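Read top to bottom, the protein sequences are chains X and H.
For the first sequence, the working numbering assigns the number 3 to the initial residue and increments by one for each residue that follows.
For the second sequence, the working numbering assigns the number 2 to the initial residue and increments by one for each residue that follows.
Yeah, the Cβ is synthetic: ideal placement off N, Cα and C, and Gly gets one too.
This structure is a prediction, so every number in the text was calculated from the model and none was measured.
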Amino acid sequence: MEEKINIEIKKKRKMNKHIKIIALQIVFLAVVFFAVYAIYPKTSVKISGNAVSFNSNNAEVIIISENPDFSNPRYLDIEKNTSIILKPGTYYWKPSNNYIEGLKNEFTIETEVGMKIERENESELVNVGNVKINVTRSKSGMMVGHIILEPNASKKIEDKGEYAGRQI
Amino acid sequence: MRLNNLITNKLAIKHKKEFGKLENCYSGKKKILSISLAILMIFFIINLIPKASALGITPGRTTIEFEAGLEKEIAFDVLNNEHKHMKVTLFSTMQDDLNGSINLFEDSIEFLPSEEKKSLRYKLKLPEELEPGLHVGEIVAVEIPTSTGKDTFVGATVAVISQLHIYVPCPGKCIESDLEVLDAETNGTATFIVPVISRGKLGIGEVRAIIDIYKLGEKITTLETDAQPLESGKRTELSAKWSVDAPAGDYLAKVSVFYDGESKSFEKYFTVGLKTLTIESILVKDFRLGEIAKLQILVENRWNQELKNVFANLLVYNEQEQVMADVKSATENIPALNKKELVAYWDTVGVEEGEYNGKLMVKYGEKSTDKNLILKISEGSLDITGVGYAIRQSGGKGINMTTILLVLVIILIIANLAWFVFFKRFIGKKETKSSGRVIRA
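Written as C-alpha cells, this is what we have:
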C-alpha cells in the first residue's frame with residue numbers, strides 16, 4: 003500500500019516537473035511573441051489611383067517587388083507617411099526596421115483605359131488612363147488608322163468616326 | 002459656347018454686308034446666301050457637339066490561365082470621368098474558338114452626373130479545349146451620342162475596351178519576356194530587368210538572358226543576367242547591372258533569353274539621361290485661406306533636349322489619406338538646360354487650417370519627378386516643406402519572420418530534447434535507484 007502511494011507520489015512529482023517545463027516553454031513563447039509584436043514594423047497601405055501611401059510608426063524601409071519571391075526588390079525609405087507612384091500591376095511588399103522584416107503583403111494597381119476628346123478650336127484626343135493605349139479609328143465600321151498614346155499624352159484628331167482605345 | 006455664338010454672329014454680319022454689296026447680281030446673291038447658310042449651319046451644329054467626350058474602363062486587362070470548362074464571373078468598372086449625364090452601350094467580342102464564352106449581364110447603362118463609376122460583371126464560360134497560346138476577348142463600352150429632338154450629334158465617339166487574355170499553356174516549354182531599364186543615367190548604375198513568365202506546361206530548370214547594348218548600330222557592351230529556375234505559369238525577374246560610362250541618348254538593347262536549350266530574342270530602345278528634371282522650388286505668394294492659391298513651381302530641365310508637355314500635379318491628402326485636392330498646372334515646353342515656372346491654382350474653399358500631406362509630381366511624357374510634401378496651412382500662410390524619399394537597391398536588415406519562427410522551433414526542440422535526455426539520464430535513474438531502495442527495504 004505504502005509502495006503504491008510512493009509510486010503515485012513519484013508519478014505526480016514527474017508530472018509536476020513536466021508541467022513546469024511545459025509552463026516555462028509557454029512563458030518563453032509568450033515573451034517572444036510579445037517582444038516580436040512590440041517591435042514588429044506595423045504598416046498600413048492605401049492606394050489612390052497610381053499613388054500608394056505607406057503609413058507606419060516603426061518601419062524604416064518598405065521592401066517592394068513585382069515578384070512573390072521578392073526577386074529584384076526595391077527598398078523604399080519611409081517616414082511616418084510616404085507615398086510613391088507606381089505603374090499598374092501586382093506588387094508584393096513587406097515592412098522592415100533594424101530588428102524585424104515583416105510578413106509578405108500584396109496590392110494591385112488596376113490598369114485604367116480612359117480617353118477624352120477635348121473640343122476647343124481643334125479636337126484633341128487625350129489618354130486620361132494610366133496605361134499606354136492603342137487607339138483604333140473606324141469610319142462606318144471600317145478601321146482607318148490607329149494612334150499610340152502614352153498616359154496624359156494627346157493628339158489632334160478629326161472629330162469624326164469612332165475612336166476605340168485598348169491597353170497595349 | 003459663347004465664343005462660337007460670337008463667331009456665328011460675326012460671320013452672319015460679315016455675310017450680310019457682302020450680301021448688300023452684291024444685291025444687283027441676282028445669281029451671285031443666291032450663291033452667297035447659300036454659302037452663308039451653310040456656314041451658319043456648320044457653326045450651329047458645332048454648338049450642338051459636347052465640349053468633351055470622356056469614358057474610362059478598368060481593369061484595362063484581365064489575365065487568366067486556361068482551365069477546361071471554367072465558369073467565372075469577372076468584374077469591371079465603367080468610369081464617368083467627366084461626371085456628366087451619359088449613356089453607354091456595352092458589347093463583347095471574342096475570337097472564333099471562344100464565341101459565346103462571354104455573357105454580359107447588361108448591354109447598356111446610364112450615368113447621372115453624380116455617378117463616377119458603375120461596377121459591372123460578365124460571365125465567362127470556357128470550352129473544354131482550346132489551342133495553346135493567347136486567346137483574346139474584349140468588353141467594349143461605347144458612349145452613345147446624345148441627340149435632342151431633330152438635332153443629331155456629328156462628332157467622333159469614344160469607345161474603351163477591357164481586354165480578357167486567356168493563356169493556354171503550350172505543351173512543352175515556352176516563355177513571355179520583356180525588358181525594363183531603371184536608373185539609366187550617365188555615370189550611374191543602370192539596372193536591366195528581364196521579367197520572364199513561363200507559358201508552358203513544363204517548368205524551366207534555368208532561365209537566363211544576355212543583353213547587348215547598341216548605340217547607332219555599334220555594340221557598346223554585353224551584360225549577362227543571373228539565372229533562375231522557373232515553374233510552369235510563374236513569373237520571375239532576371240537582372241543585370243551596367244555602370245553607365247556612355248553619354249546620354251537613345252540606345253538599343255538586344256535581349257536573348259535562354260531557357261533549357263531554347264532561346265527567345267527581342268529588342269527594345271531605352272534612354273540614358275542625366276537627371277532629367279528637378280523641382281527647384283515651390284512659391285506661394287499672398288495666400289489667404291478660402292481663396293484661390295497660386296502655386297509657382299520652378300523646375301529645371303537638365304536634359305540636353307527640349308521636354309514637351311511638362312505639367313505639375315499636386316495631390317493633397319486629408320487625415321484619412323484620401324485625396325482632397327488634385328491640382329494640375331497648364332502644360333509647358335521646357336527648352337534644354339533651362340528653368341521654367343509652372344503655375345497651378347488651388348481653390349482652398351472648405352480647406353481647414355492644419356498640416357496636410359501632399360505629393361507634387363512633375364510629369365513629362367511617361368516619366369515623372371515626384372516630391373513628397375507637408376503643407377502647413379494657416380489663415381494667412383501656406384508653408385510647403387519637401388520630405389523626399391529614396392528608393393534604394395539594398396536595405397531592410399531586419400530578421401524575417403520565417404527565420405524567427407524557425408529559430409523558435411529549433412530552440413523548443415533543443416529544450417525538449419535536453420529535458421528528455423536530462424530526465425532519462427538523471428531524474429529517471431535517480432528515481433529507479435530510490436524505488437529499488439524502497440523495494441529492498
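Within chain H, the residues placing a beta-carbon under 7 Å from that of Asn69 of chain X are Arg236, Thr237, Glu238, ordered along the chain. Interface with chain H (8 Å Cβ-Cβ cutoff): Met17 of chain X is excluded.
In this structure, the CA atom of Leu88 of chain X is about 22 Å from the CA atom of Leu308 of chain H.
Taking 8 Å as the threshold, the shortest C-beta distance from Gly147 of chain X to chain H does not fall below it.
Of all residues in the segment 82–99 of chain H, only Asn82 place a beta-carbon less than 7 Å from a beta-carbon of chain X. By the rule that beta-carbons nearer than 8 Å mark a contact, Lys14 of chain X does not touch chain H.
Annotation: Tyr101 of chain X is outside any alpha helix (DSSP H) and is labelled neither H nor E by DSSP.
Its chain contains Asn60, Asn99, Tyr101, Ile102 as the residues whose beta carbon lies nearer than 8 Å to that of Ile41 of chain X, once the 5 sequence neighbours on both sides are disregarded; these appear in chain order. According to the DSSP assignment, Lys368 of chain H belongs to the beta strand (DSSP E) that extends over 368–379. With a threshold of 8 Å between beta carbons, Thr59 of chain H makes contact with chain X. About 17 Å separates the Cβ atoms of Ile103 of chain H and Val89 of chain H, ruling out a contact at the 8 Å cut-off. Excluding five sequence positions before and after Trp304 of chain H, the CB atoms of its chain that fall closer than 8 Å to its own CB belong to Ala249, Gly274, Leu275, Thr277, Leu278, Ala337, Leu338, given in chain order.
In the structure shown, His136 of chain H adopts extended strand secondary structure according to DSSP, grouped into three states. Nothing from the segment 198–224 of chain H brings a Cβ to less than 9 Å from some Cβ of chain X. Think of a sphere of 8 Å around the beta carbon of Ser369 of chain H: the chain X residues whose beta carbon falls inside it are Ile87, in chain order. Closer than 8 Å to the CB of Arg62 of chain H there is at least one CB belonging to chain X. Taking the beta carbon of Glu164 of chain X as reference, the chain H residues within 9 Å of it are Val143, Ala157, Thr158, Val159, Ala160, listed in sequence order.
Here Tyr215 of chain H carries a strand assignment [DSSP, helix/strand/coil]. Here Asn358 of chain H carries a strand assignment [DSSP, helix/strand/coil]. Interface with chain H (8 Å Cβ-Cβ cutoff): Asn99 of chain X is included. Taking C-beta atoms under 8 Å as the contact rule, Lys360 of chain H and Ala53 of chain X qualify, at a distance of about 6 Å. Between Ser58 of chain X and chain H, the shortest Cβ-Cβ separation is not below 8 Å.
Cβ neighbours of Pro70 of chain X within its own chain (closer than 6 Å, five residues either side excluded): Tyr94. For Glu139 of chain H, the neighbours in chain X by C-beta distance under 8 Å run, in chain order, Arg168.
Under DSSP, Cys171 of chain H takes part in a beta bridge, and its partners are H:Gly201.
Listed by position along chain H, the residues whose Cβ is nearer than 7 Å to that of Thr113 of chain X are Thr59, Pro60, Gly61, Arg62.
DSSP, read as helix, strand or coil, puts Arg168 of chain X in strand. A straight-line Cα-Cα distance of about 48 Å links Glu320 of chain H and Gly204 of chain H. Around Gly173 of chain H, the same chain offers Gly201, Lys202, Leu203 as residues with beta carbons nearer than 8 Å, after the five sequence neighbours per side are excluded. Secondary-structure assignment with DSSP links His148 of chain X through a beta bridge to X:Thr138. Cα atoms of Ile24 of chain X and Gly399 of chain H: separation of roughly 30 Å, rounded to the nearest angstrom.
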